[in-house]
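Enquirer: Numbering (the working numbering), first residue to last: 8 to 374.
Yeah, the Cβ is synthetic: ideal placement off N, Cα and C, and Gly gets one too.
Quick caveat, the model's predicted, so the values are computed rather than measured.
The following block contains the structure, expressed as structure tokens.
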Ligand code: AMP
């Protein structure tokens, strides 16, 4: 039987974990990236090319059964060029919506998904309007290319807002009201062929300086899960979606407020590798290829800790019972995601205690 082939745009850690999930199923992943020493290129076939190069994407598409992406900042024109030769999943419409914070927030509003109040800031003159419409603090976010807390500033006064706009390079932005949330949650859904859908449980996420530090799952709240599921369903329907879709929410005032969506596998789903019956990576590949989806049920309670900036000593990590180490093979750099750790337990209390100890160990090594 011919091996199934999936082209992945981007060969960072997400591309790497997709390729690794493909191996047991006999799926051959071919990754596209501009760096020869990318995390994905260390484990799978790599094509060198820029992620915004329409010709490189089209050439990749010619050699595979389907194309997917591990990063949302791929120009729509390049995805359309690839789509002439192989299905691109998720499609350009979903990626376009996720690339632009304004389009994304408008889509949420149109679908009845609650968001923080927001105002478009196309030019400096609009800052005054934003300050009049919203309450302080206000978060100013560049519409494009922001991730892991980059491209955003918090302002507590009109002066700070002016300065934030200057700092961000006076690019088109949205101004968003600061949400006083109790916690951050995310939901990952997967849509396969014929609208087959599976949903993971809610995950609770802790960010530090805008970067995900740790996730625990499941966050057990059937009412909130249902609210999140309805939001994901509306997006899957509207975008005629294929693959993993993630939405990050704030839990505030007893309900959920959507922050952003990612048209790809997500850091808040890394726990699913050991903590769920089928990982988000495997399910994404299954969905992209039109294969039946796997069970998304949790196998207990899981905790994931990101390894940021500096790798703690490997021997130390591996000597902790039950810890699963994922090393992305990257050079250390402040704030960079170098790997993650996962533990799975049967009791939430026990997991939280083990996670606390693990985080202090990791924190001690990172500072
Ligand atoms: P983002 O890049 O939009 O995911 O933002 C990164 C992180 O900044 C979020 O996970 C939150 O911790 C925080 N953040 C972003 N927007 C807001 C907001 N409107 N209110 C409160 N916190 C926010």
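The beta strand (DSSP E) with residue 116 in it runs from where to where?
Expert: Stepping through the chain shown from its first residue, residue 116 is reached at position 109. That residue, residue 116, is in no beta strand (DSSP E); its alpha helix (DSSP H) goes 108-117.
Enquirer: Do residue 134 and residue 109 have their beta-carbon atoms positioned less than 9 Å apart in this structure?
Expert: The count along the chain shown starts at 1 and reaches residue 109 at position 102. The count along the chain shown starts at 1 and reaches residue 134 at position 127. No, they are not a contact pair.
Enquirer: My assumption, with CB atoms under 8 Å, is that residue 245 sits in contact with residue 118. Please give the rounded CB distance.
Expert: Taking the first residue of the chain shown as position 1, residue 245 is located at position 238. Taking the first residue of the chain shown as position 1, residue 118 is located at position 111. Residue 245 to residue 118, Cβ: 6 Å. Contact.
Enquirer: Would you call the region 314-321 and the region 265-274 in contact, with 3 or more CB pairs under 8 Å?
Expert: The region 314-321 vs the region 265-274: no contact.
Enquirer: Tell me residue 311's beta-bridge partners as DSSP assigns them.
Expert: Position 304 of the chain shown, counting from 1, holds the residue named residue 311. Residue 311 pairs with 222 and 349.
Enquirer: Determine the closest residue to residue 217 out of 67, 335, 75 and 158, with distance taken between C-alpha atoms.
Expert: In the chain shown, the residue the question calls residue 217 occupies position 210. When only C-alpha atoms are compared, the closest one is 158.
Enquirer: Relative to the C-alpha of residue 94, which candidate in 307, 76 and 104 has its C-alpha closest?
Expert: As a working note, residue 94 is residue 87 in the chain shown. Selected option, being the one with the closest Cα: 76.
Enquirer: For residue 279, count neighbouring C-beta atoms within 10 Å of its own C-beta (all shown protein chains included) and say buried if the count is 16 or more, exposed if not.
Expert: Counted from its first residue, the chain shown places residue 279 at position 272. With 16 or more Cβ atoms within 10 Å of its Cβ, residue 279 is classed as buried.
Enquirer: Do residue 148 and the ligand AMP come close, with the Cβ less than 8 Å from some heavy atom?
Expert: In the chain shown, counting from the first residue as 1, residue 148 sits at position 141. Checking every heavy atom of the ligand AMP against the Cβ of residue 148, one is found closer than 8 Å.
Enquirer: Once DSSP output is grouped into helix, strand and coil, what is the label at residue 285?
Expert: Translated into positions along the chain shown, residue 285 becomes position 278. Correct three-state label for residue 285: coil.
Enquirer: With residue 302 and residue 284 assumed to form a contact (beta carbons below 8 Å), what rounded beta-carbon distance in angstroms separates them?
Expert: Stepping through the chain shown from its first residue, residue 302 is reached at position 295. Stepping through the chain shown from its first residue, residue 284 is reached at position 277. Right, the Cβ-Cβ distance comes to about 4 Å (below 8 Å), so this counts as a contact.
Enquirer: Which partner residues of residue 305 appear in the DSSP bridge assignment?
Expert: For the purposes of this step, residue 305 is identified with residue 298 of the chain shown, where counting begins at 1. 283, per the DSSP bridge assignment.
Enquirer: Which residue's Cα is closest to the Cα of residue 72: 352, 112, 11 and 256?
Expert: Walking along the chain shown from the start, residue 72 turns up at place 65. Among 352, 112, 11 and 256, the Cα nearest to that of residue 72 belongs to 11.
Enquirer: Verify the contact flag: residue 136, CB atom, against every heavy atom of the ligand AMP, threshold strictly below 8 Å.
Expert: Residue mapping note: residue 136 aligns to position 129 of the chain shown, counting from 1. The answer is no for residue 136.
Enquirer: What do you reckon, are the CB atoms on residue 64 and residue 81 nearer than 9 Å?
Expert: Taking the chain shown and counting its residues from 1, one reaches residue 64 at position 57. Taking the chain shown and counting its residues from 1, one reaches residue 81 at position 74. Yes, they are a contact pair.
Enquirer: How about residue 4: is its Cβ closer than 8 Å to a heavy atom in the ligand AMP?
Expert: No answer is possible for residue 4: the residues shown for the chain start at 8 and end at 374.
Enquirer: Taking the straight line between their C-alpha atoms, what separation do you get for residue 142 and residue 52?
Expert: Within the chain shown, the letter at position 135 stands for residue 142. Within the chain shown, the letter at position 45 stands for residue 52. Each residue's alpha carbon lies about 50 Å from the other.
Enquirer: What residue range does the beta strand (DSSP E) around residue 9 cover?
Expert: Here residue 9 is taken as the residue at index 2 of the chain shown, counted from 1. Where residue 9 is concerned, there is no enclosing beta strand (DSSP E), given that its DSSP letter is neither H nor E.
Enquirer: My understanding is that residue 262 touches residue 223, with C-beta atoms under 8 Å, so please give their C-beta distance in whole angstroms.
Expert: Numbered from its first residue, the chain shown carries residue 262 at position 255. Numbered from its first residue, the chain shown carries residue 223 at position 216. Not confirmed; about 20 Å, so no contact.
Enquirer: Looking at the structure shown, is residue 24 part of a helix, part of a strand, or coil, going by DSSP?
Expert: On the chain shown, position 17 is the one that residue 24 refers to. Reduced to three states, the DSSP call for residue 24 is helix.
Enquirer: Taking its Cβ as the centre, do 16 or more other Cβ atoms sit within 10 Å of residue 360, making it buried, or is it exposed?
Expert: In the chain shown, counting from the first residue as 1, residue 360 sits at position 353. Exposed is the call here.
Enquirer: Answer yes if the region 240-256 comes into contact with the region 97-108, meaning at least three C-beta pairs across the two stretches below 8 Å, and no otherwise.
Expert: These segments touch.
Enquirer: Please list, in chain order, all residues of the same chain as residue 352 whose beta carbon is under 7 Å from its beta carbon, the five residues on each side excluded.
Expert: By one-based count along the chain shown, residue 352 stands at place 345. If we look at residue 352 and ignore the five residues flanking it on each side, its Cβ neighbours are 307, 308, 358 and 361.
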